[in-house]
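First the structure, in the form of C-alpha cells, and then the observations on it.
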Amino acid sequence: MANDVWALAEISNGKLAGISLQLASKAADLANQLGGSSAAVAMGTNTQAAAQELGDCGVKTVYASEGTVYDEYLVQPHVETLAALIQQHQPSLVLFGATNYGRDVAARLAARLGLGIEYNVGEVTLDGGNVVMTITAFGGSQSVKATFKGEGTRLLGARQNAFPTVRVGGSASVENVPAPAAPKQGAKLSGPFGAEGATAAGHLGKAPDGHDIWLPAVTTAKLEEAQIIVSGGRGVGGPAGFEQIEALATALGASMGASRAAVDAGWIPYERQVGQTGKTVKPTVYIACGISGAVQHKAGMGTSGLIIAINKDKEAPIFGFCDLGVVADLNVVVPQLTALVKQRRG
Amino acid sequence: MLMMSIGQFDVKPAKAGFVAKCSEALRRGLSRPPSSSATHPTLSTNHNLEENPVKIVVCMKETPSTTVEKSFGPDMRIERRKEDAVINPFDEYTIEEGLRQQEKHAGSEVIALCMGPATATDNIRRALAMGADRGVLVTDPALAGSDAIGTARVLAAALKQIGFDLALFGSAAADAYGGVVPSAVAEFLGMPLLSFAGKLDIDGSTARIERQAEVGYQVAEASMPALVSVVKSINEPRYPSMKGIMQAKKKPIDTLTLANLGLDADTVGAAGAREEALSAEKVTAQRKGEIYMGNEGAADRIVAFLVEQKVL
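In order, the protein sequences belong to chains A and B. Residue numbers for the first sequence, in numbering that gives the first Met the number 0: 0 to 345. Residue numbers for the second sequence, in numbering that gives the first Met the number 0: 0 to 311.
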C-alpha cells in the first residue's frame, strides 16, 4: 500500500545477515512515521527463524519464502519472488542493504519494474511524504542529499550500520510464499569454500591460488558489532604482519579489520575489509595501524567514537582525521602496546 | 557525462521490447560484424578449452580522477573536465581480464565499450593501447544526467547490438560506487551475472568464477553468453607499452547514438532518471587530534590516552 515500508532480509545458507535486522528496525520506524504498515521479505532456508528475529525488530508482516533454490542460484530466484510481491502489494519503499547481495537483487528489480533506486544511503529523513537521503559519493569525499521522483515503489540501499538494530519484542505475522523454479539461464552457486581456516586461533594459511594469507581468529570477527577495532593496512608489510595486529586486538577484546590495500594484496580475507567497498563500522575506538587513510577507508570508519592512528609517514591523510596520531613504526609500537594492555588487564 | 547516481526510469512494456532473450542473433550481434566473427564458433559447438575463441566486451566508464577536487554545477551534476577524466580504476582490471582471457583462448576478440562524452575516445584509446582490438563509444547529448538504470539500459542495447559471449564489468565505479549497473544490464538482457569474480575460467561454453564471499569464496557458473563483474584481486593491470600505444592509433572506434540503438531519449539521461540530487557538500576532515612523534614512549602515550578516555 501507499505508505508501506519493507525491508529485504539477507539470508545465505540459512544464516540471517545482521544488516537485515537494521533494515527491519528502520522499516518499522519509517512505516510508523508514514502511517503505513511494515514488512520484511525473507527468502532462503531457515526463514521461519529469520521471521521471528525480524518480527522482534518491529515489522508487522514477514513474507517468508522457503527454498533451497535461493542458495543454489545467484539472485535471479530472489528477484522473481520479490518482483511478484512488490507488484501485488505496491509498497512505497523497500530498504535493502548496500551489500553485494542487496545491490545485485535491487538492480535487477529496478531494471525489471522500472523503480527508482538509490544506494550508499547513510541517513533517511521524511520531509512531509518525501524521502530525503544522505549519500556518500566519490569515496566519501562528497555528501549528497537526494530524493526520488516519479511514481511507484522506491528502492533504498542502506550502508552497513546506517541504522541501529532496535529490538522491540514484537512478533510478525508470517505469510508463506512459494519459491520459484530454478532459472533456465541462471548462475549456479556452490560453496563457500576456503573457509576452513576460520578457526579459534589466527594463523598463516594458503589462499586457493597458493599464496600466503592471514586467516584471522573467529573471535576477532563481527566487525559491525565491535566496540573496539584494530585494523591493519599496507604498512603491516605482509600476511604474517597481521599476527601482531591480531595479538593487540585479542588483548583489547577487539575485532580485527583491514584496509582495502591489504585485502587487495591478498594478505587477509575480504570479510575484514573496512571502507567504501567493505564494511561500515562504528566502534567506540578504532585503531588504524599502517593505514594511510584514503577517503574510501574513511567512508567506512569515519564515524567511529575515537580514532587512533599509527603510521610511519607523517604526511599520511589519516593524521587529518584522528584523535590521537602516532608517527612511529608499528612494528615497534604495536607489540609494546599489546604487552602494556595485557599488563593492565592482568 | 553522467549524473551522480541517482535513479531509474519507467520501463513501459512497449519500450521493453529490446529486452533480449538471449538468442543467436544477440550473441552474434546485429551491427558491423568484426572480421573474426566469420570464424567464430557458435556456442552449441563443442569446442576445446584451448581452441575456444570468445567474443569479449569489456565495459568501461570514465570517472574523474580520484585526486582532483570535485565540484557540482547548478544542475547538481558533477562537473566533469576532460583533462581529469580517467578510466574508472576498477575497469582497468576488467580490461586486463579480457586481455588475459584472449591470451588463453586463441582467436578471441576484445572490444572496449564505453558510454560517455565524445572526448571519451581518449580513454577508449588507452584500453586499445593495453591491447583491446577495437572500441565502441555510445555518445549522445540526451545521455547526460543518466542514472545507473538508464546507463544499464544503454549498455544493454549496445551489448545486444555488438554481440558477445562474455561481457565484463568492474564491480563499481569510483564516483558513486553504486555497483548496480552490471546486475541491471543482466536483467535487461535476460542473462545471468557472475558477480564479484576474483577468478574467471572459461571452459567450453561455461564461464566459472570464484566469487568473493564474506569468508572464503563461492563458485558460480553459467552458460555463455553471460556477464561477469570482477573485483580488484583478480589480476594486476598492465601498463600500455609504447608499441601498444602506436598500434592503438590505427585501431577502429565506432560511435553509436541513441538512434542507432533504437532507444527513446525520454527513457535515458536526466529525463529518465528516477532520482534527483538536492544538494552536495564536500566532506571535510573534522578531527585534528594530538600528534605524537617517534617510537619512544608511543605505546605509553596510547595507553594513557585509552585510560583518559575510560576505554582501559
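All residues carry an ideal CB built from backbone N, CA and C; glycine is no exception.
I want to see whether chain B comes within less than 8 Å of residue i, judged by CB atoms only; does it?
| i | result |
| --- | --- |
| A/Q32 | no |
| A/Q75 | yes |
| A/P275 | Looking at the sequence shown, residue 275 of chain A is not Pro but Gln. Judged by the 8 Å Cβ criterion, A/Q275 is in contact with chain B. |
| A/K187 | yes |
| A/I228 | no |
| A/A109 | yes |
| A/G115 | yes |
| A/P179 | no |
| A/T279 | no |
| A/K148 | yes |
| A/Y285 | no |
| A/N99 | yes |
Once DSSP output is grouped into helix, strand and coil, what is the label at residue i?
| i | result |
| --- | --- |
| A/P90 | coil |
| A/K14 | strand |
| B/A270 | helix |
| A/D3 | coil |
| A/L305 | strand |
| A/Q335 | helix |
| A/Q141 | strand |
| B/E102 | helix |
| B/K159 | helix |
| B/S228 | strand |
| A/P191 | strand |
| A/K25 | helix |
| A/P76 | helix |
| B/R79 | coil |
| A/D263 | helix |
| A/R166 | coil |
| B/E220 | strand |
Are there 16 or more other CB atoms within 10 angstroms of the CB of residue i, so buried, or fewer, so exposed?
| i | result |
| --- | --- |
| A/A257 | buried |
| B/D139 | buried |
| A/N175 | exposed |
| B/R80 | exposed |
| A/P179 | buried |
| A/P356 | A query on residue 356 of chain A cannot be resolved here, the shown segment of chain A reaching from 0 to 345 and no further. |
| A/S3 | At residue 3 of chain A the sequence reads Asp, which differs from the Ser that was named. Looking at its Cβ environment, which holds 16 or more other Cβ atoms inside 10 Å, A/D3 is buried. |
| A/E52 | buried |
| A/M255 | buried |
| B/M190 | buried |
| A/L188 | buried |
| B/V67 | exposed |
Among the residues of its own chain, which have a CB less than 8 Å from the CB of residue i, if the five just before and after it don't count?
| i | result |
| --- | --- |
| A/T337 | Q243, A246, L247 and A250 |
| A/A181 | V68, E71, Y72 and P76 |
Does any residue of chain A bring its CB to less than 8 Å from the CB of residue i?
| i | result |
| --- | --- |
| B/N122 | no |
| B/A185 | yes |
| B/T44 | Because the pLDDT at B/T44 is just 40, under 50, the model does not fix this residue reliably, and the value given afterwards should be weighed accordingly. Taking Cβ atoms only, chain A never reaches closer than 8 Å to B/T44, which makes this a no. |
| B/Y238 | no |
| B/E209 | yes |
| B/S278 | yes |
| B/R125 | no |
| B/K69 | yes |
| B/V56 | no |
| B/V10 | Note that B/V10 scores 31 on pLDDT, short of 50, meaning its location in the model is unreliable; the coordinates nonetheless yield the value given after this. Taking Cβ atoms only, chain A reaches closer than 8 Å to B/V10, which makes this a yes. |
| B/L311 | yes |
| B/S232 | yes |
| B/S222 | yes |
| B/D299 | yes |
| B/N294 | yes |
Ignore the nearest five residues each way along the sequence and tell me which others in residue i's own chain have a CB closer than 7 Å to its CB.
| i | result |
| --- | --- |
| A/Q272 | A257, R259, V262 and K278 |
| B/E96 | L167, L199, V229, I233 and N234 |
| A/Q87 | none |
Could you pull out every residue in the same chain whose Cβ sits closer than 6 Å to the Cβ of residue i, ignoring the five residues on either side in sequence?
| i | result |
| --- | --- |
| A/Q21 | F162 and T164 |
| A/N45 | G13 |
| B/R124 | A247 |
| B/A131 | V109 and A111 |
| A/L125 | Q32 |
Consider the Cβ of residue i: report whether some Cβ of chain C lies at a distance smaller than 8 Å.
| i | result |
| --- | --- |
| A/I10 | No chain C appears in the structure shown, which is made up of the protein chains A and B. |
Along the stretch 313 to 328 of chain A, what residues have a CB closer than 7 Å to any CB found in chain B? F318, G319, F320, C321, D322, L323, G324, V325, V326, A327 and D328
Pull out every residue of the stretch 120 to 146 of chain A whose Cβ sits closer than 8 Å to any Cβ of chain B, in chain order. V131, I134, T135, A136, F137, G138, G139, S140, Q141, S142, V143, K144, A145 and T146
With 9 Å as the C-beta to C-beta threshold (strictly closer), list the residues of the stretch 244 to 270 of chain A near chain B in chain order. L251, R259, V262, D263, A264, G265, P268, Y269 and E270
Just by C-beta distance, which residues in the stretch 95 to 124 of chain B are closer than 8 Å to chain A? none
Taking any Cβ of chain B, which residues in the stretch 63 to 96 of chain A have a Cβ under 9 Å from it, in chain order? Y72, L73, V74, Q75 and V78
Interfacial residues, the stretch 175 to 202 of chain B to chain A, with Cβ spacing under 9 Å: A175, Y176, G177, G178, V179, V180, P181, S182, A183, V184, A185, E186, F187, G189, M190, P191, L192, L193, S194, F195, G197 and K198
When you check each C-beta in the stretch 135 to 149 of chain B against every C-beta of chain A, which residues fall closer than 9 Å? D146, A147 and I148
Short of 7 Å Cβ to Cβ, which residues in the stretch 50 to 63 of chain A face chain B? none
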